[in-house]
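Residue numbers (our numbering), protein chains in the order written: chain L, 2 to 261; chain R, 1153 to 1236.
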């Protein structure tokens, strides 16, 4: 889908002249505020967006972009709709990981849209989205379970940042193509390898006694090895050392390093 | 090298909510002990990513899950009273 096509959809959805929307999209892209694949409108003006994860790296859904728009002025959450030919399946769907504002698509692919009131600087945004994005992934997977192909359905989670009315701060568009399973990784975008290594995740592994495993065949060992190589910290414990106490889930175990 | 493939640090007790990821990797038997750990680990979600997802670990019985893929299996009967 080209920018022009996208603009046409948006223009139709908002009853605005196509030309006006197209021009707005182009100028916004020129300022680096918007990506080619998603446009977000707020009160008729193209604003920035932050697209998140693509579940299958590099492969996005054939039906193309999510276009979200805000309805005419309202104090509360804007009404978001999904154009570009993707039918809206659900609004404000409640899943095990929390509510998803909008679910579009079909058996060929799903787009989950999480709408945030935006004007958040990129750095802060990263920090604040960690918890909720993991939740979205959980909900998205649960939703996909009801699709014909289950969790093999192509999926994408888009984050739509909408500005407060009249807001004018800018933030850069950031596209991430990490598979969803890497969700909580800090700074998951390109060009951050150094930083990522310093800010490794804390990874706990609940597994059988590590002394007895066959390192040539044990996939858990391979996972641990790879995580360590990527700079994440490992903690190891066996299932009998897991406990629930005063509302907390505790594990008695050891920091772990592995080698072959 | 097998037999010398890991080093442990000092034993401590941690609150798993402080972890970014918890891997649920122990082998069967899939007994009540196993199921209990899935229930406990579920308390960590969604703040911590638990893989494999405890919910689906519990709900994917290895002998029966394949019934969801009828195009992959031969005609199958599952019953308690076999003579039928």
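Virtual Cβ for every residue (Gly too), placed ideally from N, Cα, C.
Bear in mind that the values here come from a model prediction, so they are computed numbers and not experimental data.
| Item | Value |
| --- | --- |
| So the candidates are L:246, L:221 and L:244; which of them puts its Cα closest to the Cα of residue 235 of chain L? | L:221 |
| Just curious, the alpha helix (DSSP H) that residue 1218 of chain R is in, first and last residue? | Unbroken run through residue 1218 of chain R: none, as it is neither H nor E. |
| Whole angstroms is fine: what's the gap from residue 202 of chain L's alpha carbon to residue 8 of chain L's? | 40 angstroms |
| For residue 1215 of chain R and chain L, any beta-carbon pair shorter than 8 angstroms? | no |
| Quick one: grab the DSSP three-state call for residue 245 of chain L. | strand |
| How many angstroms separate the CA atom of residue 1232 of chain R from the CA atom of residue 1211 of chain R? | 21 angstroms |
| Can you look up residue 1182 of chain R in the DSSP assignment and give me helix, strand or coil? | coil |
| Leaving out five residues on either side along the sequence, give the residues of the same chain with a beta carbon under 6 angstroms from the beta carbon of residue 251 of chain L. | 244 |
| Taking residue 142 of chain L as the reference, give the member of L:103, L:96 and L:105 with the closest Cα. | L:96 |
| Closer than 9 angstroms, Cβ to Cβ, to anything on chain L: give me those residues from the stretch 1157 to 1173 of chain R, in chain order. | 1157, 1158, 1159, 1160, 1161, 1162, 1163, 1164, 1165, 1166, 1167, 1168, 1169, 1170, 1171, 1172 and 1173 |
| Let's see if you can read the secondary structure: which residues bound the beta strand (DSSP E) around residue 90 of chain L? | 89 to 96 |
| Would you give the residue range spanned by the alpha helix (DSSP H) that residue 1159 of chain R belongs to? | Careful: residue 1159 of chain R lies outside any alpha helix (DSSP H), inside the beta strand (DSSP E) at 1158 to 1160. |
| Check whether the stretch 1191 to 1209 of chain R and the stretch 1164 to 1173 of chain R are in contact - that is, three or more C-beta pairs closer than 8 angstroms. | yes |
| So, with DSSP's three-state summary, where would you put residue 261 of chain L? | coil |
| Report the residues of the stretch 1186 to 1197 of chain R with a CB closer than 8 angstroms to any CB of chain L, ordered along the chain. | 1186, 1189, 1192, 1193, 1195, 1196 and 1197 |
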